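>
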Amino acid sequence: MGKTILITGGARSGKSRLAEAQTLAFGRPATYIATAGIFDAEMADRIRQHQDGRGPDWALVEEQTDLARALRDTDGSGPRLVDCLTLWLSNLMLGDHDIPAATQAFLAELARQRDPVVIVTNEVGAGIVPENALARAFRDEAGRLNQRVAAVVDEVHMAVCGLPLKVKPHD
Amino acid sequence: MGKTILITGGARSGKSRLAEAQTLAFGRPATYIATAGIFDAEMADRIRQHQDGRGPDWALVEEQTDLARALRDTDGSGPRLVDCLTLWLSNLMLGDHDIPAATQAFLAELARQRDPVVIVTNEVGAGIVPENALARAFRDEAGRLNQRVAAVVDEVHMAVCGLPLKVKPHD
Amino acid sequence: MGKTILITGGARSGKSRLAEAQTLAFGRPATYIATAGIFDAEMADRIRQHQDGRGPDWALVEEQTDLARALRDTDGSGPRLVDCLTLWLSNLMLGDHDIPAATQAFLAELARQRDPVVIVTNEVGAGIVPENALARAFRDEAGRLNQRVAAVVDEVHMAVCGLPLKVKPHD
């Protein structure tokens, strides 16, 4: 069984950088499974910044909705980094996919992985209740998804100011 | 003196589920002190989902504003779960109650409890500053209330992705 | 070298109170370096509340943009408390300053301090993605700044309900 790690944190908490370091610690090259769609200029800019920061140690796989397949297709090739769960969820919601089914498929595939998987997610629930109903629904779904993934992975860390705070396992 | 525990966390961080488990660990049956008013369909739906998840181990007490009385009336009946402080505060603010007096009465009653009390609250201050002045005021009051309760309880845990992170006591 | 400590946390998480206690633990009197501009009545009110809570143990220095100079000018006078980085950043953005240059100057000066420096910052990235582009830009800049400061200080603590959670160094 490949080790599985979940890294959570707020925006710009340094979670992706921590996750990249953890992934490469399992071996090189690694595969970066990007869930981001390029929706607009701001997002495209972020992705470009992100890619410029990675070197030849990384292979890139773009998968906006079928994360189970992305895991299946890349198992056996070394460590994988999934970045990130909340963008994946957002893609599923915007595309009107069956979220429980997609989540179930992802978790089932995760349990079968022989190579390590590091997963990035976002803390989105620690602000004031959003006035927008869709934002509330997204926040709820993201929180539930985070809980389900955290329950099955080997380790959970929360990024705070770029530093990792261990949540699981307990000392 | 009954043990007192505060569980904080963002929306959908799993704090209520952790709090329910901690409450039942003190013995059964337990009393669920619900502060939620049923304001709208969304809230009613959440409460129903919540209640469906609880079984015969729980007695339900609904108290939207006088938490001191709810604690007093239920002491001697076993462990209590108060869910949650921020909805209580919201009820006090919407009903134009005397918040310092209500807080003082709650803390005084909490200090007198012989049976355990587990309290759920929300992290609402870790997002961007809200544009809405009422939301800012609520966020400030909630933060102050959380600090006052955390200062007097025996244990404080923060829920992260459904997992508890111990904040008090220090190891 | 003076010890350097970063205290982060959400709004009303008790971070300033924790930081004041940590600063005075290094000796008295201490210097409070306030970055807050008095933009409006609400802010003025907060500052007044804040100042009323401090006594003769504190000298006050107000510096809205040139934190490097404030550190340089006060080194040798005992411990300093910088409250807070996110207001400073907000002043820089509103005044259209060169943020990378100001950050670099601040970090360079911080590395030269002989007296202790305790720095307060804010977690602003754990809510839902703001709809406002300026708020998103601010959130990103604040997160990056927090990471850079956290990387160089001796200790990082996160305030949760008024209680400190140690993030750095690891046990």
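Chains as they are written, first to last, in this note's numbering: chain A, 1 to 171; chain B, 1001 to 1171; chain C, 2001 to 2171. For glycine and all other residues, C-beta sits at the position ideal for the given N, C-alpha and C. Since the model is a prediction, treat every value here as computed from it, not as a measurement.
Using beta-carbon positions only, say whether Arg1114/B and Gly1162/B come within less than 9 angstroms of one another.
Cβ distance not < 9 angstroms, so Arg1114/B and Gly1162/B don't count as in contact.
> State yes or no: is the beta carbon of Phe2138/C nearer than 9 angstroms to at least one beta carbon in chain B?
Closer than 9 angstroms to some Cβ of chain B, the Cβ of Phe2138/C qualifies, so yes.
> Excluding the 5 residues flanking Lys2003/C on each side, which residues of the same chain have their C-beta closer than 6 angstroms to its C-beta?
So the list reads Pro2116 and Asp2154, once near-sequence residues are dropped.
> On the three-pair Cβ rule with 8 angstroms, is the stretch 136-152 of chain A touching the stretch 1140-1153 of chain B?
Touching, no.
> Tell me Pro1164/B's beta-bridge partners as DSSP assigns them.
According to DSSP, Pro1164/B bridges with Ala1159/B.
> Report the three-state DSSP secondary structure of Asp2073/C (helix, strand or coil).
In this structure, Asp2073/C counts as helix in the three-state DSSP scheme.
> Please report the distance separating the alpha-carbon of Thr2086/C from that of Asn2122/C.
One C-alpha to the other measures close to 6 angstroms.
> Measure the CB-CB distance between Thr1035/B and Val1082/B and report whether it falls below 9 angstroms.
It is a contact, given that the beta carbons lie within the stated cut-off.
> Quick one, are the C-beta atoms of Ser1013/B and Val1160/B less than 9 angstroms apart?
In this structure, Val1160/B lies closer than 9 angstroms to Ser1013/B by Cβ.
> By the criterion of Cβ-Cβ separation under 7 angstroms, what are the contact partners of Gln147/A in chain B?
Per Cβ cutoff of 7 angstroms: Gly1014, Cys1161 and Gly1162.
> In three-state DSSP terms, what is Ala101/A?
Reduced to three states, the DSSP call for Ala101/A is helix.
> Can you tell me whether Ala2126/C is helix, strand or coil according to DSSP?
Looking at Ala2126/C - three-state DSSP - the assignment turns out to be coil, as it is neither helix nor strand.
> If you drop the 5 nearest sequence neighbours on each side, which residues of the same chain put their C-beta closer than 7 angstroms to that of Gly125/A?
Excluding residues within five positions, the ones whose Cβ falls inside 7 angstroms are Arg139 and Gly143.
> For the candidate residues Thr1074/B, Arg1072/B, Leu1134/B and Val1129/B, whose alpha-carbon lies nearest to that of Leu1094/B?
Considering only alpha carbons, the answer is Leu1134/B.
> 9 angstroms is my cut-off, CB to CB: does Val2124/C come that close to chain B?
Taking Cβ atoms only, chain B reaches closer than 9 angstroms to Val2124/C, which makes this a yes.
> Taking 9 angstroms as the CB-CB cut-off, is Phe1150/B touching chain A?
A small fix is needed here, since residue 1150/B is Ala in this sequence, not Phe. Cβ-Cβ to chain A under 9 angstroms: no for Ala1150/B.
> Do Ile1099/B and Arg1092/B count as a contact pair if the criterion is CB distance below 9 angstroms?
A small correction: the amino acid at residue 1092/B is Leu; Arg does not occupy that position in the sequence shown. Going by C-beta atoms, Leu1092/B is nearer than 9 angstroms to Ile1099/B.
> Given a cut-off of 9 angstroms on the beta-carbon distance, is the pair Val1167/B and Leu2165/C in contact?
In contact: Val1167/B and Leu2165/C (Cβ atoms closer than 9 angstroms).
> Beta-carbon separation of Gly2010/C and Gly2078/C under 9 angstroms?
No. Outside cutoff.
> Give a yes or no on whether 9 angstroms exceeds the smallest Cβ distance from Gly143/A to chain C.
So, not an interface residue.
> Just verifying my parser: in three-state terms, what is the DSSP assignment at Ala2036/C?
Three-state result, Ala2036/C: coil.
> Considering only residues of the same chain and omitting the five flanking positions on each side of Ala137/A, which have a CB-CB separation below 6 angstroms?
Same-chain partners within the cutoff: there are none.
> Going by C-alpha distance, which of Met1001/B, Ala1070/B and Asn1132/B is nearest Ala1059/B?
Looking at the Cα atoms, Ala1070/B is the closest of the given residues.
> Between the beta-carbon of Arg1971/C and the beta-carbon of Val2118/C, is there less than 9 angstroms?
Lying outside 2001 to 2171, the shown extent of chain C, residue 1971/C is not represented and no answer is given.
> At which residues does the beta strand (DSSP E) containing Thr1004/B begin and terminate?
Residues Thr1004 to Gly1009.
> Run through chain C and tell me which residues come within less than 8 angstroms of Lys1168/B, C-beta to C-beta.
Ordered by position in chain C, the residues that pass the 8 angstroms Cβ test against Lys1168/B are Leu2163.
> Pick out whichever of Ala21/A, Thr74/A, Met1/A and Gly55/A has its Cα sitting closest to the Cα of Glu63/A.
Among Ala21/A, Thr74/A, Met1/A and Gly55/A, the Cα nearest to that of Glu63/A is on Thr74/A.
> Note the first and the last residue of the continuous beta strand (DSSP E) segment covering Asp2083/C.
Segment Arg2080 to Asp2083, the beta strand (DSSP E) holding Asp2083/C.
> What does the alpha-carbon distance come out to for the pair Leu1006/B and Pro29/A?
Rounded to whole angstroms, Leu1006/B to Pro29/A spans 45 angstroms at the Cα level.
> If I'm right that Asp57/A touches Leu24/A with Cβ under 8 angstroms, what's the distance once you round it to whole angstroms?
Correct: roughly 6 angstroms between the Cβ atoms.
> Give the DSSP-derived three-state secondary structure of Ala2059/C in the structure shown.
Three-state DSSP puts Ala2059/C in a strand.
> Relative to the C-alpha of His2157/C, which candidate in Asn2132/C, Val2120/C, Asp2096/C and Ser2090/C has its C-alpha closest?
With distances taken between Cα atoms, His2157/C lies closest to Val2120/C.
> So which residues of chain A does Val2156/C contact, with C-beta pairs closer than 8 angstroms?
Neighbours of Val2156/C on chain A, chain order: Val160, Cys161 and Leu163.
> How many angstroms separate the CA atom of Arg1112/B from the CA atom of Ala2111/C?
In a straight line, the C-alpha of Arg1112/B is about 50 angstroms away from that of Ala2111/C.
> Report the rounded CA-to-CA distance for Glu1131/B versus Gly2127/C, giving the unit in angstroms.
Roughly 14 angstroms between the two C-alpha positions.
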